[in-house]
Amino acid sequence: MTQGNPTIPLKLTENSIKQNRLTREVMQETQIEFVRSYIDAGECGLTLLNRALQ
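472 is the number of the first residue of the sequence shown in the numbering used here; add one for each residue after it.
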């Protein structure tokens, strides 16, 4: 009876590790997208500023 028990927490741990990894990857991708759009907006702003100054 006791031998069968430890496999359940292990499975849960494996799943939560996978879930954490997925969550982290999604968060990183979201941050990257945010930074990219922020940079794009910055470049767009600089272009408009340069045009206004010329």
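Cβ atoms here follow ideal geometry from the backbone N, Cα and C, with glycine treated the same way.
Being a predicted model, the structure only gives us computed values, none of them experimental.
Inset, instruction - Please report how far the alpha carbon of leucine 493 lies from the alpha carbon of threonine 501, in whole angstroms. - result: To locate residue 493, count along the sequence shown from 1; it is residue 22. To locate residue 501, count along the sequence shown from 1; it is residue 30. Across the structure, leucine 493 and threonine 501 are spaced so that their CA atoms are roughly 12 Å apart.
Inset, instruction - Go ahead and pull the three-state DSSP assignment for glutamine 525. - result: Indexing the sequence shown from 1 puts residue 525 at position 54. Three-state result, glutamine 525: coil.
Legend entry - Alpha-carbon to alpha-carbon, threonine 484 and leucine 517: For the purposes of this step, residue 517 is identified with residue 46 of the sequence shown, where counting begins at 1. For the purposes of this step, residue 484 is identified with residue 13 of the sequence shown, where counting begins at 1. Spanning the two alpha carbons is a distance of roughly 49 Å.
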